[in-house]
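Only one structure is covered here, and it is reproduced in the block below.
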Amino acid sequence: MSGRFRHAMPYGAELVGDGHTRFRLWAPDIGEVQLELDDTSARPMRALDDGWHEGLCMAPPGTRYRYLLPKGLRVPDPASRLQHAGDVHGASVVADPCSYAWQHARWSGRPWSEAVIYELHVGACGGFRGVQTMLPRLHALGITAVELMPIAQFPGTRNWGYDGVLPFAPAAAYGTPEELKALVDAAHGLGLMMILDVVYNHFGPDGNYLGEYASPFFRTDGAPTPWGAAIDVAQPQVGDFFVHNALYWLEEFRFDGLRLDAVHALHNPAWLLSLAARVRAAAGQRQVHLILENEGNQAHLLGARCFDAQWNDDFHNALHVLLTGERAGYYGAYADDPLAKLVRCLAEGFAWQGEPMRGKPRGEPSAALLPLRFVDFLQNHDQIGNRALGERLTTLADPQQLEAAYALLLLTPMVPLLFMGEEWGSRTPFLFFADYPSEELQQAVREGRRKEFAEFGVVDGLPDPQAIPTFERSRPDPREASSPAGAARLTLIRLLLAQRRQWLVPRLGQVRPLGAQAIGTHALRARWQMGELQLHVCCNLGEREVAIDAKATPDARWLNGGAPAIAALAEGRLAPASTLVYLETSA
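Numbering (this note's numbering) for the sequence shown: 852 to 1438.
Below, the structure is given as C-alpha cells:
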C-alpha cells in the first residue's frame, strides 16, 4: 500500500502534474470569475455549465491564489486546503496532499465495539504537536479513540471550531497539514483511532463569502439555525461539497471516523443517509465510523450501514439532574423523575422516543437498537462549555456519587466518552472563547451569551469570550493529576477501563438488554445478556442505603464494588454512592 494519500476533489486547487494546477469554483450567481496568483495580475477563468468556472495554469505547491469577483471583491477558495497565515479573508495556498509519507499506511482501523472516546480541544492542548505528545498517556489509560473538536480554519487564533468557514483547511493556529497527518499517523502507530468533529449545518459569521457568488448554498425556506443561515444540502452541488469534505478527512488525513455536529439543523435525514452510503462505499476494507449529534433522536439513522452511533444527551441530562439537582434551562425537561429517564436510556437507548418534550414530539422508538448505537458521557465540550462559568462536574457533584456514576458509564455496554482532563477529575473550567477581529461581532457574541444564560438565571459575571485569559483558563492543567484526588481518579478510571476491555469488549457483539428498573428515587438495577454471561449493574446515586432484591451467585465475577458493598448486597441492601457490577453465567 502506498504511503501517500490524496482525495481527488472536483473543485478547489488540484495539482495535475508538471507544476500545473487546475482551479475550479462553483459560482452560479455570477457570469465571470478571475484567478489571481501570488497577488499578480488576474486571468479570466473559463465558464462551464451549471455555474462552474475553471482555470488551468502553472501554479506549483506554495502558490498563493484568490478568486476575483466582478465588483472587485477578492475571496479565498471555499475548498482551500491551506490558508496563508491562517487568514480566512486572505489568500489560499496550493498544497501538495502527497508531501507527507505515512509510516502506518496499512492501518485499517478498529471495530466500533472497542471504542472508548476521549474528546479534546486541539488549541487548549497545544496544537497538533501538543496532542501528539498526549497519545502514549491516553493509550496507557485505556483510551482507544481520540476525538478532536472541529479544526477547520476559523477567524483569529482562538475558537471552539464550530464557527469555521473554510472546511477543508486545517486551522493554521494548530499547526500545518503535515503536522496533523503526523498526529493521526502516530495515533495509528499506537493502535488509537482518530475521530474528527465536522460542522455541516452552518458557516461561521466571519470570513464566509459564499453568499456573494453561490447563494444556493443557503436555504431560503425560513429554516435557519441558531448559529446562522441553514445549509441547503438538497442542492446537488452543495450536498456534494460536504460529502467530499467527509471523504477528504477520511482519505487524505486518514481519520477513522467523523462526528457530525447538530445534524437536526440540516432538516434533511435523506441526505445524511446518502452521505453515510457514499462513505461506506469509499471506505472499502477500512473500519470507518460515523457518529451523530442529533436532538431529533432519529433512531432510523442508526445502524450497521448507516451511522454507527449518536451522542446520547438524554443519558447525560438525566444523570446530571440526579447528581446535581439542577433544574434550570433544558434540565427542566428531565427534572420530573430523572431516574425513570435514566433507566429508559439504559434499557432502550433514548429517554424521548416520540413523547412531547416542551410541547413538541421528540424522538423515535430506539429499543430495537444495539447499546453500541449510543455514546454516553458525564461531560463533554457542550455540557461544560455551555454553562455560564464552564464548571466541570467535579465541582458540582459529590465525589463518591460521581465515582459511582463513572462505574455506570464505563461498565455498561454503551460507548463511553471522556472529556479532556476528566480522567483526573480536573477542576479547571472549560469556557466559550473566540477571537473575532470585528468589535461589532465581538459585542454580538457577548450579548448572545448573556441572553442564552438568562434562561439559567445567570446575567452577571460572564467571562468575556474574546479575552485571552478566558482561553488560557480553559486549558487543562496536568499538574492536577499528581494531587491525591487526581491520582485516585486516574487509578479509578484506569481500573474501570481495564475491566471493560477484558470482560465487556469481547462480548459486546452479542449484547442485548434484559431490562432496567428504578429502585426508589436515586437507585436502579439493569441487566444485559452478553453471550453466555449476564451483566448485572446495581447503582445507587443517593445518600441513603436502599433495599434491593439482587443476590449474586457464588461464582459471580465482580467487576466493580468494594467488599462492604458486596456484603451488603448479599443481605439485600444497596449501599449509598455505589455501583456494583458483576457477571454471572446464565441459568
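The C-beta atom is built at its ideal place from N, Cα and C for all residues, glycine as well.
Give me the residue from the options with the minimum Cα distance to residue i.
| i | options | result |
| --- | --- | --- |
| Ala1155 | Pro1120, Trp1354, Leu1124, Tyr1064 | Leu1124 |
| Pro1250 | Val1194, Arg1340, Thr1263 | Arg1340 |
| Pro987 | Val1035, Met909, Tyr1013 | Val1035 |
| Tyr846 | Gly1015, Trp1275, Arg980 | For the chain, the structure presents residues 852 to 1438; residue 846 sits outside this window and is missing. |
| His1232 | Glu998, Leu933, Val944 | Glu998 |
| Pro861 | Gly906, Ala1428, Leu888, Leu1247 | Gly906 |
| Arg1304 | Asn1237, Met896, Thr872 | Per the sequence presented here, residue 1304 reads as Phe, with Arg not at that position. That would be Asn1237, whose Cα lies nearest to the Cα of Phe1304. |
| Asp901 | Leu876, Gly1214, Thr1245 | Leu876 |
| Ala1150 | Gly882, Gly1180, Met1000, Gln1204 | Gln1204 |
| Asp1083 | Asp1091, Gly1073, Arg1243, Phe1068 | Phe1068 |
| Pro1018 | Gly1058, Ala1239, Gly1073, Met1045 | Gly1058 |
| Phe1284 | Thr1008, Ile881, Phe979 | Thr1008 |
| Pro1316 | Val1016, Asp869, Pro1288, Gly1073 | Pro1288 |
| Ser1277 | Ala1318, Ala1336, Ala1258 | Ala1336 |
| His1095 | Pro1077, Trp1409, Val1049 | Val1049 |
| Leu971 | Ala991, Ala1116, Met1271 | Met1271 |
In angstroms with no decimal places, state the Cα-to-Cα distance between residue i and residue j.
| i | j | result |
| --- | --- | --- |
| Pro1496 | Ala936 | Nothing can be reported for residue 1496: it is not among the residues displayed for the chain, which extend from 852 to 1438. |
| Cys908 | Ala1081 | 35 Å |
| Pro927 | Gly941 | 6 Å |
| Arg1330 | Cys976 | 14 Å |
| Leu1170 | Pro1216 | 21 Å |
| Pro1222 | Gly1026 | 37 Å |
| Gly1055 | Val1296 | 12 Å |
| Tyr1182 | Val1172 | 7 Å |
| Glu864 | Phe874 | Residue identity differs from the one stated: residue 864 is Ala in this sequence, not Glu. So the two alpha carbons sit approximately 5 Å from each other. |
| Leu1098 | Ala1134 | 9 Å |
| Gln1380 | Gln1361 | 8 Å |
| Gln1261 | Ala1428 | As written in the sequence, residue 1261 is Leu, which differs from the Gln given in the question. Distance between the alpha carbons of Leu1261 and Ala1428: 16 Å. |
| Asn1411 | Glu1254 | 11 Å |
| Asp1091 | Ala1127 | 12 Å |
| Arg915 | Tyr1060 | 18 Å |
| Val1016 | Val939 | 7 Å |
| Arg857 | Ser931 | 14 Å |
| Ala893 | His904 | 14 Å |
| Pro911 | Pro1028 | 17 Å |
| Arg957 | Pro948 | 18 Å |
| Ser1066 | Ala1074 | 15 Å |
| Thr1246 | Gly981 | 27 Å |
| Arg1378 | Arg1352 | 18 Å |
| Trp1011 | Ser1325 | 11 Å |
| Gln846 | Ala859 | Beyond the ends of the chain as shown, which are 852 and 1438, falls residue 846; an answer cannot be given. |
| Ala952 | Ala996 | 23 Å |
| Gln1004 | Phe979 | 14 Å |
| Gly1147 | Ile1002 | 25 Å |
| Leu1043 | Met985 | 12 Å |
| Gln1314 | Trp1078 | Before going on, a small fix: residue 1314 reads as Pro here, not Gln. Approximately 20 Å between the Cα atoms of the pair. |
| Leu1111 | Ile1142 | 6 Å |
Excluding five sequence neighbours on each side, which residues of the same chain lie with their C-beta closer than 6 Å to the C-beta of residue i?
| i | result |
| --- | --- |
| Arg925 | Arg917, Leu919 |
| Thr1344 | The residue asked about is misnamed: residue 1344 is Ile in this sequence, not Thr. So the list reads Glu1274, once near-sequence residues are dropped. |
| Glu1509 | As shown, the chain starts at 852 and ends at 1438. That puts residue 1509 outside it, with no answer to give. |
| Val867 | Arg873 |
| Arg1105 | Val1035 |
What span of residues does the beta strand (DSSP E) with residue i cover, start to end?
| i | result |
| --- | --- |
| Asp1164 | Taken as a continuous stretch (DSSP letters only), Asp1164 belongs to no beta strand (DSSP E), being part of the alpha helix (DSSP H) at 1164 to 1175. |
| His1140 | 1140 to 1143 |
| Phe874 | 871 to 877 |
| Pro895 | 893 to 895 |
Along the alpha helix (DSSP H) that carries residue i, what are the first and last residues, could you check?
| i | result |
| --- | --- |
| Thr1076 | Careful: Thr1076 lies outside any alpha helix (DSSP H) and carries neither H nor E. |
| Gly1299 | 1290 to 1305 |
| Ala1418 | 1414 to 1421 |
| His990 | 978 to 992 |
| Asn1096 | 1087 to 1102 |
| Tyr1013 | Element bounds for Tyr1013: n/a, residue is neither H nor E. |
By Cβ distance, which residues of its chain are closer than 8 Å to residue i, with the 5 residues on each side in sequence left out?
| i | result |
| --- | --- |
| Ile1399 | Ile1370, Ala1374, Arg1376, Cys1389, Leu1420, Gly1423, Arg1424, Leu1425 |
| His955 | Asp1036, His1039, Gly1040 |
Within the same chain, show all residues whose beta-carbon is closer than 7 Å to that of residue i, passing over the 5 residues directly before and after it, in chain order.
| i | result |
| --- | --- |
| Val1139 | Gly960, Leu1101, Asp1107, Gly1108, Val1130 |
| Arg1358 | Met1381, Gly1382, Leu1384 |
| Leu1431 | Cys1389, Asn1411, Gly1412, Ala1416, Ile1417, Leu1420 |
Would you say the beta carbon of residue i is closer than 7 Å to some non-hydrogen atom of the ligand NAD?
| i | result |
| --- | --- |
| Val939 | What this structure holds is no ligand at all, so the ligand NAD is not there to describe. |
Are the stretch 1218 to 1228 and the stretch 1260 to 1273 touching by the rule of at least three beta carbon pairs closer than 8 Å?
As far as the Cβ criterion goes, the stretch 1218 to 1228 touches the stretch 1260 to 1273, which means the pair count is three or higher.
At least three beta-carbon pairs within less than 8 Å, the stretch 1107 to 1120 to the stretch 1186 to 1199:
At 8 Å Cβ cutoff, the stretches do not touch.
Is the stretch 1361 to 1378 touching the stretch 1197 to 1204, taking contact as three or more C-beta pairs under 8 Å?
Verdict: yes, contact present.
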